[in-house]
Every structure is written in structure tokens, then in C-alpha cells.
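**Q**
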Amino acid sequence: MKFDDNSFLAGQFLEQDTYVTKRPQGRSDWLLTFTLEGEGYFNNSGNERNCRPGDLTLLKPGTPQHYGTKKDHAWHFTWVHFPSIFTETNLLPEEELLILTIESDSIRERIHRAFTRILEDSRERGDYWFDLCCSSLREILLIMAQKTNKKVDARIEEVLHLLSQQMRQPIRVEDLAQTVGLSPSRLSHLFKASTGHSIIDTLNRMRIQQAVLMLEHTGRSASEVCYDVGFQNYNHFTNQFRKWYGMNPSTFMKERR
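Under the numbering used here, the first residue of the sequence shown is numbered 26, with each subsequent residue one higher.
Okay, here's the thing in C-alpha cells:
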């Protein structure tokens, strides 16, 4: 399917408080913004709502547009206009103007990277540029859907990200707690209340889930996979495998052959 180049527009602005955009009839496409620094506002049906660092805003097609930089502030934000071909928008709340605050630093960075890819690909207009932009935009929309469907404390999100990122390394609850600004006991309590599992159980489950995939698809031995996913002791690996899958790795491999 081919699209007119103007159907996908992206940019990044740093605007002072004289900046304002008004489109009383709106546009036929969607508008998505992400605030990097400073403060802006969106006026929707006479109701002014502010957007600050980490805020995503999404305007539906046909929504009257009135937005700009908050008085006595500067507004640094990145934006994209995109056509109504993305079914991922159906996963989001039915609102003319959706403002979603992203509190997790790692998720903010992920969204920023996605916007950066959109900017680069839409400017370069290389082979498959539109498909690459669509891929990055879908990532942002799915993150938004994830956040609106399931509310998780940003500190727990950050810990989950760190566990997945550092899965192969030794993990200390004390270090995680310091990173997110909580005491170890408070973090442990909040984490279990949010996820239903302890931090260590969650880490071990991540490791075993990855081990299962590697045993099924890579041809590596159980002892190799044990160290690949971060266990330092094979007996511990076997015990955890049995805990989460009800059998040891060798039995699992025999049943999959």
C-alpha cells in the first residue's frame, strides 16, 4: 500500500511562550506529542490541560486543536501526525484528547528512542522509511495501551526493566531499592503486592522462561543454558526449573523430542 509523503509528518520543537497552534476544525489525521522539557498546554472544549516532561498526548482526527507553550515556560517536545490506519489506537480509551504521564525513566527513554527513529526515518526517506516509521509508532501506541490497561507503580516498572536487562548478572534487592529510592523492605512489599511474586521469584521465573525457549530452539545443553540465563549453580537451576515447570530440564528435553 502506498501513502502520500505528507500523510506522515514528524518534528521536534523548542518553543517559547509565544507559541500557539489553533486549528478549529482539527485535522484528518492523529497527533501524538511527547514532552521532553518545559511545559505546554492543550485546550480541549475550554478545558486547559498541561503537559510536562514525560507526558504523551494523543488527539483524535477531527478534534479541534488549540495548544501551545505554557506562559512563562519553554516547551521542548517531539510530535508526529499519522494517518488513521493504525488499529493499535483501538486499544486506547475513547477520548478526544488523551494525556498519559510516563513516570518510569526507562520507559521514557524507550519512547524517546522510538520518536528519534521516527524523526530520522521520516527525514531520510530511504527504502521502507514509512514501514520503519510505522514500526516505531506502533511501539509507542502499544506502550500507551499497556499503561492505560494496567496501572503499575513506576518504581515497580523500573525494577522489572532492570531485572530483564540484568538477568544474567547477580541481583541484590538493596541495589534495586537504592535505584528506585525505596528501602529494601518497602520495595519488597510493594513489588509483591503489585506482581504477586517476590523480586527473586520474578527474576528466577524470567530466567527459566528464557531457558525453556533456549532448550526448545537452540540445541544447547541444559548445563550451557543454565549459565546462559544467569544461574551460577546447576542444582539451583534444576530446582527452579522443577518449581516453575514441574519437571527437571532433562525430562523436559526428552518430552520435546
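Backbone N, C-alpha and C fix where the C-beta goes; we use that ideal spot for every residue, glycine too.
Check whether the Cβ atoms of residue 90 and residue 49 sit closer than 9 Å, and answer yes or no.
**A** For the purposes of this step, residue 90 is taken as the residue at position 65 of the sequence shown. For the purposes of this step, residue 49 is taken as the residue at position 24 of the sequence shown. Going by C-beta atoms, residue 90 is nearer than 9 Å to residue 49.
**Q** Does the segment 160-174 come into contact with the segment 131-144, if we say contact requires no fewer than three beta-carbon pairs (one atom in each stretch) closer than 8 Å?
**A** Touching, per the Cβ criterion.
**Q** Whose CA, out of 218, 183, 280 and 167, lies closest to the CA of residue 201?
**A** The residue labelled residue 201 in the question sits at position 176 within the sequence shown. When each option's Cα is compared against that of residue 201, the closest is 183.
**Q** Could you name the residues of the same chain whose beta carbon sits closer than 6 Å to that of residue 235, not counting the 5 residues immediately before and after it, in chain order?
**A** For the purposes of this step, residue 235 is taken as the residue at position 210 of the sequence shown. 254, listed in sequence order.
**Q** On the CB-based measure, 16 or more other CB atoms within 10 Å of its CB, does residue 35 come out buried or exposed?
**A** Here the question's residue 35 lines up with position 10 in the sequence shown. When all chains shown are included, residue 35 counts as buried.
**Q** Tell me whether the segment 193-212 and the segment 261-275 touch, counting them as touching only if at least three CB pairs, one residue from each stretch, are closer than 8 Å.
**A** no
**Q** Within 10 angstroms of the Cβ of residue 233, are there 16 or more other Cβ atoms? Answer buried if so, exposed if not.
**A** Numbered from 1 along the sequence shown, position 208 holds the residue referred to as residue 233. Buried.
**Q** Using the Cα positions of residue 230 and residue 41, report the straight-line distance between them to the nearest angstrom.
**A** By 1-based counting over the sequence shown, the position of residue 230 is 205. By 1-based counting over the sequence shown, the position of residue 41 is 16. Rounded to whole angstroms, residue 230 to residue 41 spans 49 Å at the Cα level.
**Q** With 16 as the cutoff for other CB atoms within 10 Å, does residue 172 come out buried or exposed?
**A** Within the sequence shown, the letter at position 147 stands for residue 172. Answer is buried; the Cβ neighbour count reaches 16.
**Q** Spatial neighbours of residue 78 within its chain, please: C-beta separation below 7 Å, excluding the five flanking residues on both sides.
**A** As a first step, residue 78 must be located in the sequence shown, where it is residue number 53. These residues qualify, in order along the chain: 60, 61 and 62.
**Q** Fully enclosed by the segment 210-279, which alpha helix (DSSP H) runs are 4 residues long or longer?
**A** Runs of the alpha helix (DSSP H) lying entirely within the segment 210-279, each at least 4 residues long, are 224-242, 247-253 and 259-270 in chain order.
**Q** For residue 238, count the other beta carbons within 10 Å of its own beta carbon; 16 or more makes it buried, fewer makes it exposed. Which is it?
**A** By one-based count along the sequence shown, residue 238 stands at place 213. Exposed, because fewer than 16 other Cβ atoms sit within 10 Å of the Cβ of residue 238.
**Q** Between which two residues does the alpha helix (DSSP H) harbouring residue 203 extend?
**A** Working through the sequence shown from its first residue, we reach residue 203 at position 178. Note, residue 203: alpha helix (DSSP H), 198-205.
**Q** For residue 180, is the classification buried or exposed, using 16 other Cβ atoms within 10 angstroms of its Cβ as the cut-off for buried?
**A** Against the sequence shown, residue 180 aligns to sequence position 155. The Cβ neighbour count for residue 180, taken over all protein chains shown within 10 Å, is at least 16; the residue is labelled buried.
**Q** Rank 53, 115 and 75 by C-alpha distance to the C-alpha of residue 88 and give the top, closest one.
**A** Working through the sequence shown from its first residue, we reach residue 88 at position 63. With distances taken between Cα atoms, residue 88 lies closest to 53.
**Q** Where does residue 182 sit, in a helix, a strand or coil, going by DSSP?
**A** Along the sequence shown, one-based indexing puts residue 182 at 157. Note: residue 182 maps to helix in three-state DSSP.
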